[in-house]
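Written out below as structure tokens is the structure these notes cover.
In this note's numbering, the protein residues as written are 762 to 944.
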């Protein structure tokens, strides 16, 4: 990666740019990459390190919007439903195009009340169903002993078992730098 001084020198030496993107976070590097892919000459500037601001404080998840699925069902909101479908599609694309920066992540939800089992089971299976061909792995139930075997520090009292579903995760800092360098 060129030093800041080398980057500034290059910016001053080159002919005029088609677009100047100010801010080297997730949005700025995404805009710069999009413009560069459209054959525009792009200058991308950032006052700190690329991805050092808000972009460095993400959850690191590449998720399909499981929270939005609950809202979609609870409020009968078709916009939330559509967003979940799109997010599940994009999650699969993201994991496919950046396997060196992302990975599948099993997520376990401990269940402490018996009525949680059908509630979360239905939600996880709906998530699987909506993912369709973009599904990572099918969600499943694990027993209390299995949950404690995997996470021994879970509160044991009242634990009934757990639901496991799959989403994705990524290295946000490396992704941001990768986008900036590509742009």
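All C-beta atoms in this analysis are idealised placements derived from N, C-alpha and C, irrespective of residue type, glycine included.
Straight-line measurement puts the Cα of residue 923 at about 10 angstroms from the Cα of residue 906. The beta carbon of residue 789 sits closer than 6 angstroms to the beta carbons of 782 from its chain, once the five residues preceding and following it are set aside; these are given in chain order. When the beta-carbon positions are compared, residue 817 and residue 934 come within less than 8 angstroms of each other. Between the alpha carbons of residue 893 and residue 841 lies a gap of roughly 17 angstroms.
Residue 830 is a Cβ neighbour of residue 888, given a cutoff of 8 angstroms. The three-state reading of DSSP puts residue 789 in helix, counting H, G and I together. In the three-state scheme derived from DSSP, where H, G and I count as helix and E and B as strand, residue 897 is classed as coil. Less than 8 angstroms divides the Cβ of residue 803 from the Cβ of residue 778. Take the alpha-carbon of residue 845 and the one of residue 834: they are about 11 angstroms apart.
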